[in-house]
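Those protein sequences? They're chains L and B, same order as listed. Mapping of the first sequence onto the numbering used here: position 415 corresponds to residue 415, and the numbering continues sequentially without gaps. Take any residue in the second sequence, note its place counting from 1, add 526, and you have its number in the numbering used here. Written out below as structure tokens is the structure these notes cover.
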Amino acid sequence: MHSMSPDQQYLRPVENLPQVPNETNPILAAKDVNKAYGPVTVLQGINVNFVAGEIHAIVGENGAGKSTLMKILSGIVEPSLGQVLYEGKPVETGNLRGMENLGIRLIHQELNLAEDLSVLENLFLGEEQTWGPFLDEARMRGKGREVLAKVGADVDLDAPIHDLRVSEKQLVEIAKAIAQRVTVLILDEPTASLTQRETERLFQIIESFAKDGVAILYVSHRLEEVKRLAHRITILRDGRLVTTQKAADLSPSEIVRLMVGRNLQDLFPKKISPEKQKIVLEVRNLSVPSHVKDASFTLGKGEILGFAGLIGAGRTELWEAILGLRKAAAGAIFKDGLRSQFTNYSDALQRLRAVYLSEDRKGKGLVVSFDAQTNYSLLGLKRFGSWFIDQRKERNAFREAIEQFQIKVTDRSMPVSRLSGGNQQKVLLAKILGLDPEIIVFDEPTRGIDVGTKVQIYHLIASMAAQGRACVVISSELLEIIGLCHRVIVMRSSRIVASLDGSAINEDEIMLYATGVKSPQSFSSP
Amino acid sequence: MKSAELVESTSHQQRGESHLRMIGKWARDAGPLIALLLLVILGLLLNPSFLSWNNLSNVLTRSAFIGIISVGGTFVIVTGQIDLSVGAMAAFIASLMIIVMNQFANAGWSLPLAVGVGMLIGLIVGLLSGLVNGLLATKGKIDSFIVTLGTMGIFRSLVIFVANGGTLTLNSNIREAYRPVFYESWLNIPIPVWVLALVSVVGAVVLAKTRFGRYCRAVGSNAEVAHYSAIRVNQIRVIAFVVQGFCVALATLLYVPRLGSASSSTGVLWELEAITAVVVGGTALRGGSGRVSGSILGALILTLIGNMLNLTNIISVYLNGAVQGIIILGAALLQRSSRTR
């Protein structure tokens, strides 16, 4: 047997889970909580309680209402109906200050720190300790050092926040929360941008807080984490509470089924393996400074090639470099066997006939203030005229796209910011697929959209591959990778560490390579 | 909030919102025109000679400088940048033109040739100045505000240097030959007004109907999205500055024959007037949306106000700058309130 490494601890078997603390006296509870924005109901009849000393995971798909519930419990948002109880007594809802005084603290998904201020200034922002009209620097320093040590953050009190790594920022945020009294600590997707080691460190801190009697509410959609950490799990779907159960009583596949509301096999189209493979794209020894080291692989016609790995492993950067969206330091790209050289995306569009669906829909995919048609035609606008835009041709093409992608736009002049996430994603898909590409890179294609649209997108990807296009799926949702891809490349800290196919495409195998438990496969150079 | 966005609103609600937006859009589009009409009516009430052909053609001719510059300014601002150097650049181009034209005349060139080549050089200097601004802002990765603040200082002090602290004047024979460009009329309409009309029509068509125009709006709205839409973002930004340089040169070609001289006071505060015209015309100062027609209306509004202060005694002419300042603040406030709604 090997000695225990942190990564193996991470994957430790379910039987070792800690026991659930006594449930009889919940410290915090939601009672019949409803929340609606205008005519849109986002939470309905939520009843759940949280006990001191427990780690309670809240899971659900994007849009299930997790974040809204956390905001209600922490006083940021007021429920439309229902109550929040603290130690059995109703509290004034929508009162952030009041909740904070009770010791209820929310660590936001997007961290809420003032980037230009120092660690010390952030720790006591709004809670400054004063001596007469002056700041009591000495006392804050002492206290600051104490709380940083408690969360195990080795950072300089005077360092500005923007100099810290994301994981350090997270720890500072937690330290800030515990600088005051804390009884309930709510963490919203805290590991989204952490490495394996940093995640493990965070888990230890969370567990030590739980041992000290703090109730931990842990929002995540990463099942491995939830199984590893939580005493109890609450599952939300479409704004309703599906179930609250002991973590030990739920299997991962059951959690998924309850989260998405249908069986897994109904989610994905049948995998049809491509015929005898013709290689469309070959990448040799590609490197991107500080993101990708020496990546080589091939992509076949009609193939769906998955890219798995933890966030920050370099998957997005690799593909951005291939497509000329980012500078590569070294490497060669061959299209249909011929060397192809270019430095920008517009050349890549022409030479590789490759398009990229960005993971960041609003930041990189769509101009949210433009209407859907203008967004649709922005990529490859040249096909509607090199100088003047043929507006009739543009309109007709968009009309076809609306039908093909089943985009719901009631008012054509409406900015896309007013469309639902699913519809925005369809506009974005229409935008990149309108160019009739040979190679399509889908980066997190289903982030932030509802299950129905997800299934549509899975079928779309499968049909693109069936038409003979080469599809790449970069995704952090393992289910997606496993359910869709013919072959999976795993990346870990800037390198390709494995290429899996057939039955080797499973959650365990991918995670073992992604976390580095299994050492990299050796690749014979092509 | 996030989850609320994800769910579709009912079509009924969308329809109501779209009506509201239509009204808002209409008010934004028609706002500058209504303001102009109100000003004309006010001017008429204050002084009947206001609407005389003489005065109107005077106002239009004067607005040509700022109008033409503001067409270029619209492109720069729509791409999310700003050009503070236009006034100093105009003075710089004017100085060089006067120097070379005088040289050519002294060297015995025919006067029309000297004027023609001088004008050509003026245009080239304008294009190059715009190119320098654009390259510094993109390749140099300096904010355009800082870039043009710097080049503004450079242009301005070069003018003082070549004029030796005084005034550069066109030789009288050259001036005679060049004079018609500003003072002549065609079909009873002064040449500068024709140029203004031409520049605004071309500018409006380019911004609204061409690929380049759409790319300008995309870059100004969200440069990242533009980058991921295979748009050469830096190229678009540089071209916008070159367009601005060309427009400044064009305005200067019309301006030089008016006085026949250039000095340290030439083009002072033109940048303020041009930016004011663009913003009053409804172009978002943060970039992403704008109309050339609005900028022209803005330039007319500014010139009209100056003209009215001249013709009436209600507010001192010395307060012209203050009135312009109030107008730009008012326009910015209006833009903000229409955005937050």
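Each residue gets a CB set at the ideal place from its N, CA and C atoms; glycine is no exception. Predicted model only: the values in this text are computed from it and were never measured.
- Met-615 (chain B) and Leu-117 (chain L) have their C-alpha atoms roughly 40 Å apart.
- Residue contact with chain L for Val-849 (chain B): absent (no Cβ-Cβ distance below 7 Å to any residue of chain L).
- Comparing alpha-carbon positions, the option among L:Trp-387, L:Ser-369, L:Ile-55 lying closest to Val-732 (chain B) turns out to be L:Trp-387.
- In the three-state scheme derived from DSSP, where H, G and I count as helix and E and B as strand, Met-464 (chain L) is classed as helix.
- DSSP lists L:Thr-130 as the bridge partner or partners of Leu-135 (chain L).
- Shortest Cα-Cα distance from Tyr-345 (chain L) to any of L:Trp-319, L:Asp-336, L:Ala-332 involves L:Trp-319.
- Within chain B, the C-beta atoms nearer than 8 Å to that of Ile-389 (chain L) come from Lys-735, Thr-736, Arg-737, Arg-740, in chain order.
- Secondary structure note for Thr-243 (chain L): its beta strand (DSSP E) is the uninterrupted segment 240-246.
- In this chain, the beta strand (DSSP E) harbouring Cys-471 (chain L) covers 470-474.
- For the pair Ile-624 (chain B) and Ala-788 (chain B), the CB atoms are nearer than the 7 Å cut-off.
- The DSSP-derived three-state label of Glu-224 (chain L) is helix.
- Ser-346 (chain L) belongs to the set of residues whose beta carbon lies under 7 Å from a beta carbon in chain B.
- Secondary structure at Gly-634 (chain B): coil, using DSSP grouped into helix, strand and coil.
- Shown here is that no member of the segment 481-505 of chain L has a Cβ falling below 9 Å from a Cβ of chain B.
- Counting other Cβ atoms within 10 Å of its Cβ, Val-728 (chain B) stays below 16 and is therefore classed as exposed.
- If you check the CB distance, Val-490 (chain L) and Ile-510 (chain L) come in under 7 Å.
- For a Cβ distance threshold of 8 Å, residue set Asn-344, Ser-346 of chain L lies close to Arg-758 (chain B), ordered along the chain.
- In the displayed model, Glu-282 (chain L) falls within a strand according to three-state DSSP.
- Around the Cβ of Val-219 (chain L), a 10 Å sphere holds 16 or more other Cβ atoms; the residue is buried.
- Glu-710 (chain B) does not reach chain L, its nearest Cβ partner there being about 33 Å away, counting only Cβ pairs nearer than 9 Å.
- Of all residues in the segment 360-374 of chain L, those with a C-beta nearer than 9 Å to a C-beta of chain B are Asp-360, Lys-362, Gly-363, Lys-364, Gly-365, Leu-366, Val-367, Val-368, Ser-369, Phe-370, Thr-374, reading in chain order.
- With a 10 Å radius around the Cβ and a threshold of 16 neighbouring Cβ atoms, Phe-134 (chain L) comes out exposed.
- Residue-level contact check: Leu-378 (chain L) touches chain B, since one or more beta carbons of chain B fall below 7 Å from its beta carbon.
- Not a single CB atom of chain L sits nearer than 7 Å to the CB of Val-769 (chain B).
- Closest option to Ile-407 (chain L), judged by alpha-carbon separation, among L:Glu-438, L:Ile-457, L:Leu-381: L:Ile-457.
- Taking the Cα of Ser-791 (chain B) as reference, the smallest distance to any Cα among B:Lys-665, B:Phe-681, B:Leu-675 is reached at B:Phe-681.
- Contact annotation, Val-725 (chain B) with Ile-594 (chain B): C-beta distance approximately 5 Å; criterion of less than 8 Å satisfied.
- Taking a Cβ-Cβ cut-off of 9 Å, the neighbours of Tyr-356 (chain L) in chain B comprise Tyr-754, given in sequence order.
- Within chain B, the C-beta atoms nearer than 9 Å to that of Gly-385 (chain L) come from Thr-736, Arg-737, in chain order.
- The DSSP-derived three-state label of Gln-83 (chain L) is strand.
- By the rule that beta-carbons nearer than 7 Å mark a contact, Ser-747 (chain B) touches chain L.
- Positions of the beta strand (DSSP E) runs, each at least 3 residues long and wholly inside the segment 728-805 of chain B, are given as 787-789 in order along the chain.
- In the pairwise beta carbon analysis, the segment 384-399 of chain L is classified as touching the segment 734-752 of chain B: at least three pairs are separated by under 8 Å.
- Near chain B, meaning a CB-to-CB distance below 8 Å, the residues of the segment 323-345 of chain L are Leu-325, Asn-344, Tyr-345.
- Taking CB atoms only, Leu-381 (chain L) has a neighbour in chain B less than 7 Å away.
- Ile-107 (chain L) is bridged by DSSP to L:Leu-187.
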